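Engineer: Below you will find the structure I want to go over with you.
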Amino acid sequence: MAPPRTDHGGRDAGGPVPPLVEHLFRRSAGRLVASLTRIFGPTHLDLAEEVVQDALLKALQVWPFQGVPDEPEAWIYRVARNRALDVLRRKGKVEESTDMARLEDVVAAPSGPTDSDDELSMIFMCCHPDLPFDARVALTLRTVGGLSTDEIAAAFLTQRTTVQQRIVRAKRAIRECGIGLHVPIGTDRARRIESVAAVLYLMFNEGYAATRGEALVRFELCGEAIRLAQLLARNPAAAGPDLDALLALFLLQASRLPARTGVGGSLILLEDQDRRLWDTTLRDQGLARLTRAMDAPRLTRYHVEAGIAATHATSPSWDDTPWDRIVDQYDLLLDLTDSPVVVVNRAVAVAMAGRLDEALAALDGLDAAEMDAYYLLPATRGRLLEMAGRPDAAAVAYRRALMACR
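End of the sequence shown = 1446 in my numbering, gap-free, step of one.
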């Protein structure tokens, strides 16, 4: 490889170009795809994704030799936009996608993605009620959140091929139903916000407890989920108590991230975290957002989960945590969702409240086959058995947890 050099006005190309491109993919891919989809129309969503991916790959090839441009996101946008125009011209579809006046606007468009309305419109398009719910979430995670198919499959506890099929069906439905790109208002907003919230929730969880890759916590993905939630919460057409509760949950959980990993990226459990490292600014923002969210006609699971996070965030220590209150909060959460993951988390709280036998019985009541891929079930059982003074049974459970991780 030739020695790295710097282009005119650019940054030193000797820096870590691949991490920069990865950062741009996580931070900018959704916005780039959204802007190109607005320009070329939802029927060309596949093309928009393809050309953004091609532009990112080209950056990996070019920047190590020519240097990183001053505005790398704008560079990727221009390359992707021009590539899309070339593809459409070559296929003779320019007239189908836009008239000549619109084409001139495309060529003269700003050198980077436009405003946040493009992203909001993209999120709501992907979450259209005419699409199956699972397909809405998968498509938005892939298109806006930048998650890979494998990451989405892990978040859904399902197979990769299943996720691929959902995304393909969703894109086909967008084309066939003529679903447009806009931010809904009124009753249409209410119909879509549930899946929008589910998308951001899964995105944040994938960052908070990564299911793939070497990093156990992916801070950038958590930050992206918070950014999109803030984007929605600031838009009058999208804002509401449900999103306030979701954003409160994100902020409260993120406040603990500085203490969640140790040397070498190893995971530090909540009971062992140095609470002096917690981010009090994020915590206070989360508590304020949760107070605002309580002005709601009904409580959602996000209200309750944010309440649980707030209880942890305001407890001076693990031993001083009001576990009975947390058990009550989990009971309320179980009234709103029958998630087995909630049952597992509740069992921990029940055990810490001094009811170890009850906690183990709750785990025994779960369908082991259904939870086969969820390693935290046997891991939690192992921890509780260890607390109960049953080391042999705990060892068996821990081995099952290791097997589930393979």
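Glycine residues also receive a C-beta, built at the ideal position from the N, C-alpha and C atoms.
These numbers were taken from a predicted model, which means no experiment stands behind them.
#1: Decide if the stretch 1232-1251 is in contact with the stretch 1154-1170; the criterion is three or more beta carbon pairs, one per stretch, under 8 Å apart.
#2: Three or more C-beta pairs under 8 Å: does that hold for the stretch 1119-1126 against the stretch 1085-1095?
#3: With three or more C-beta pairs closer than 8 Å as the rule, is the stretch 1289-1304 touching the stretch 1320-1327?
#4: Are Asp-1170 and Cys-1217 close, meaning C-beta to C-beta below 8 Å?
#5: What is the rounded straight-line gap between the Cα of Ile-1266 and the Cα of Leu-1322?
#6: Apply the 10 Å Cβ neighbour rule to Asp-1369 and answer buried if 16 or more other Cβ atoms are within range, or exposed otherwise.
#7: Can Ala-1419 and Glu-1426 be called in contact, C-beta distance under 8 Å?
#8: Cβ atoms of Leu-1286 and Arg-1078: under 8 Å apart, would you say?
#9: The alpha helix (DSSP H) that contains Tyr-1117, what's its start and end?
#10: Please classify Met-1041 as buried or exposed, where buried requires at least 16 neighbouring CB atoms within 10 angstroms.
#11: So, using beta-carbon positions, are Leu-1307 and Val-1344 closer together than 8 Å?
#12: What does the alpha-carbon distance come out to for the pair Ser-1379 and Leu-1416?
#13: Skipping 5 residues on each side, what residues in its chain have a beta carbon closer than 8 Å to that of Leu-1317?
#14: Are Leu-1087 and Val-1127 closer than 8 Å when you measure CB to CB?
#15: DSSP beta-bridge partners for Thr-1301?
#16: Using the three-state DSSP reduction, which class does Val-1025 fall into: helix, strand or coil?
#17: State whether the stretch 1055-1072 contacts the stretch 1193-1209, with contact taken as three or more CB pairs (one from each stretch) at a distance under 8 Å.
#18: Closest to Pro-1007 by CA distance: which of Ile-1225, Gly-1186 and Arg-1232 is it?
#19: Please report the straight-line C-alpha distance between Ala-1428 and Thr-1198, rounded to a whole angstrom.
#20: Pick out the complete alpha helix (DSSP H) segments inside the stretch 1314-1372, 4 residues or longer, and give them in chain order.
#21: Tell me the DSSP secondary structure of Ser-1235 in three-state form.
#22: Taking all protein chains shown into account, do 16 or more other C-beta atoms lie within 10 angstroms of the C-beta of Ile-1168, making it buried, or fewer, making it exposed?
#23: Quick check on the burial criterion: 16 or more other C-beta atoms within 10 angstroms. Buried or exposed for Asp-1284?
#24: Taking the alpha carbon of Asp-1312 as the reference point, which residue from Arg-1365, Pro-1356 and Tyr-1414 has its own alpha carbon closest?
#25: Taking Met-1162 as part of the alpha helix (DSSP H), name the residues at either end of that continuous run.
#26: So, at 7 Å on beta carbons, what are the nonlocal neighbours of Ala-1269 in its own chain, with the 5 sequence-adjacent residues on each side left out?
#27: Helix, strand or coil: which one does DSSP assign to Tyr-1415?
#28: When the Cα of Pro-1224 is compared with those of Ile-1192, Asp-1158, Arg-1215 and Ala-1353, which residue comes out closest?
#29: Please tell me whether, using a cut-off of 7 Å, the distance from the CB of Val-1073 to the nearest non-hydrogen atom of the ligand MN is below it.
#30: Note down the Cα distance separating Ala-1193 from Tyr-1248, rounded to an integer number of angstroms.
#31: Is it buried or exposed for Pro-1276, if we count other Cβ within 10 angstroms and need 16 for buried?
#32: Taking the beta carbon of Pro-1059 as the centre, do at least 16 other beta carbons fall within 10 Å, making it buried, or is it exposed?
#33: Per DSSP, what kind of secondary structure is Ala-1435 in: helix, strand or coil?
#34: Return yes when the Cβ of Trp-1103 is within less than 8 Å of the Cβ of Val-1057, no when it is not.
#35: Which residues mark the beginning and the end of the alpha helix (DSSP H) in which Asn-1385 is found?
#36: So what's Asn-1245 in DSSP terms, helix, strand or just coil?
Structural biologist: For this structure:
#1: In this structure the stretch 1232-1251 touches the stretch 1154-1170; the number of beta carbon pairs closer than 8 Å is three or more.
#2: Yes: at least three Cβ pairs fall under 8 Å.
#3: These segments touch.
#4: One-based indexing of the sequence shown puts residue 1170 at position 130. One-based indexing of the sequence shown puts residue 1217 at position 177. Result yes, Cβ atoms of Asp-1170 and Cys-1217 sit closer than 8 Å.
#5: To locate residue 1266, count along the sequence shown from 1; it is residue 226. To locate residue 1322, count along the sequence shown from 1; it is residue 282. Using only the alpha carbons, I get a separation of about 11 Å.
#6: Translated into the one-based positions of the sequence shown, residue 1369 becomes position 329. Position check: residue 1369 holds Gln in this sequence, whereas Asp was assumed. Here Gln-1369 is buried, its C-beta having at least 16 other C-beta atoms within 10 Å.
#7: Here residue 1419 refers to the residue found at position 379 when the sequence shown is read from its first residue. Here residue 1426 refers to the residue found at position 386 when the sequence shown is read from its first residue. Between Ala-1419 and Glu-1426, the gap from beta carbon to beta carbon reaches 8 Å or more.
#8: One-based indexing of the sequence shown puts residue 1078 at position 38. One-based indexing of the sequence shown puts residue 1286 at position 246. Their beta carbons are not under 8 Å apart, which means Arg-1078 does not touch Leu-1286 by this criterion.
#9: Taking the sequence shown and counting its residues from 1, the one referred to as residue 1117 is at position 77. 1112-1131 is the extent of the alpha helix (DSSP H) around Tyr-1117.
#10: Against the sequence shown, residue 1041 aligns to sequence position 1. Interpretation of Met-1041 is limited by its pLDDT of 28, a score under 50 that renders its predicted location unreliable; the figure taken from the coordinates is listed afterwards. Taking every protein chain shown into account, the CB of Met-1041 has fewer than 16 other CB atoms within 10 angstroms, so this residue is exposed.
#11: Translated into positions along the sequence shown, residue 1307 becomes position 267. Translated into positions along the sequence shown, residue 1344 becomes position 304. No, they are not a contact pair.
#12: Walking along the sequence shown from the start, residue 1379 turns up at place 339. Walking along the sequence shown from the start, residue 1416 turns up at place 376. Near 14 Å, if we compare the C-alpha coordinates of Leu-1416 and Ser-1379.
#13: By 1-based counting over the sequence shown, the position of residue 1317 is 277. Hits under 8 Å: Pro-1298 and Ala-1299.
#14: On the sequence shown, position 47 is the one that residue 1087 refers to. On the sequence shown, position 87 is the one that residue 1127 refers to. Yes; because the gap between Cβ atoms is below 8 Å, this pair is in contact.
#15: To locate residue 1301, count along the sequence shown from 1; it is residue 261. Within the DSSP secondary-structure output, Thr-1301 pairs in a beta bridge with Leu-1307.
#16: What the structure shows of the chain is the stretch from 1041 to 1446, and residue 1025 is not part of that stretch, so it cannot be assessed.
#17: No, they do not touch.
#18: The question about residue 1007 has no answer, for the chain in this structure spans 1041 to 1446.
#19: As a first step, residue 1428 is located in the sequence shown; it is residue number 388 there, counting from the start. As a first step, residue 1198 is located in the sequence shown; it is residue number 158 there, counting from the start. Cα to Cα, Ala-1428 sits roughly 33 Å from Thr-1198.
#20: Counting only runs of 4 or more, we get 1320-1333 and 1341-1353.
#21: Taking the sequence shown and counting its residues from 1, the one referred to as residue 1235 is at position 195. Ser-1235 falls in the helix class under three-state DSSP.
#22: Position 128 of the sequence shown, counted from the start, is the residue given in the question as residue 1168. It is worth fixing the name first, because residue 1168 is His in this sequence and not Ile. With a threshold of 16 other beta carbon atoms within 10 Å, His-1168 meets it and is buried.
#23: On the sequence shown, residue 1284 is found 244 positions in, with the first residue counted as 1. So Asp-1284 counts as buried.
#24: For the purposes of this step, residue 1312 is identified with residue 272 of the sequence shown, where counting begins at 1. When only C-alpha atoms are compared, the closest one is Pro-1356.
#25: Residue numbering aside, residue 1162 sits at position 122 when the sequence shown is read from its first letter. Per DSSP, Met-1162 belongs to the alpha helix (DSSP H) from 1157-1166.
#26: As a position in the sequence shown, residue 1269 is number 229, starting the count at 1. Here the set comprises Leu-1240, Leu-1283, Leu-1286, Leu-1287 and Phe-1290.
#27: The residue given as residue 1415 occupies position 375 in the sequence shown. In the structure shown, Tyr-1415 adopts coil according to DSSP, grouped into three states.
#28: Taking the first residue of the sequence shown as 1, we reach residue 1224 at position 184. Of the residues Ile-1192, Asp-1158, Arg-1215 and Ala-1353, the one whose Cα lies closest to the Cα of Pro-1224 is Asp-1158.
#29: Absence of the ligand MN is noted for the structure shown, with no ligands found whatsoever.
#30: What you label residue 1193 is simply residue 153 of the sequence shown in a count that begins at 1. What you label residue 1248 is simply residue 208 of the sequence shown in a count that begins at 1. Straight-line Cα distance between these residues: approximately 16 Å.
#31: Against the sequence shown, residue 1276 aligns to sequence position 236. By the Cβ neighbour-count rule, Pro-1276 is exposed, with fewer than 16 other Cβ atoms within 10 Å of its own.
#32: Sequence index remark: in the sequence shown, residue 1059 carries index 19 (1-based). Classification of Pro-1059: exposed, given that the 10 Å Cβ count is below 16.
#33: Counted from its first residue, the sequence shown places residue 1435 at position 395. Look at Ala-1435 here: in three-state DSSP terms it is helix.
#34: Residue 1057 sits at position 17 when you count from the first residue of the sequence shown. Residue 1103 sits at position 63 when you count from the first residue of the sequence shown. Yes, Cβ-Cβ distance for Val-1057 and Trp-1103 is below 8 Å.
#35: As a first step, residue 1385 is located in the sequence shown; it is residue number 345 there, counting from the start. From DSSP, the alpha helix (DSSP H) with Asn-1385 extends over 1380-1392.
#36: Position 205 of the sequence shown, counted from the start, is the residue given in the question as residue 1245. Asn-1245 falls in the helix class under three-state DSSP.
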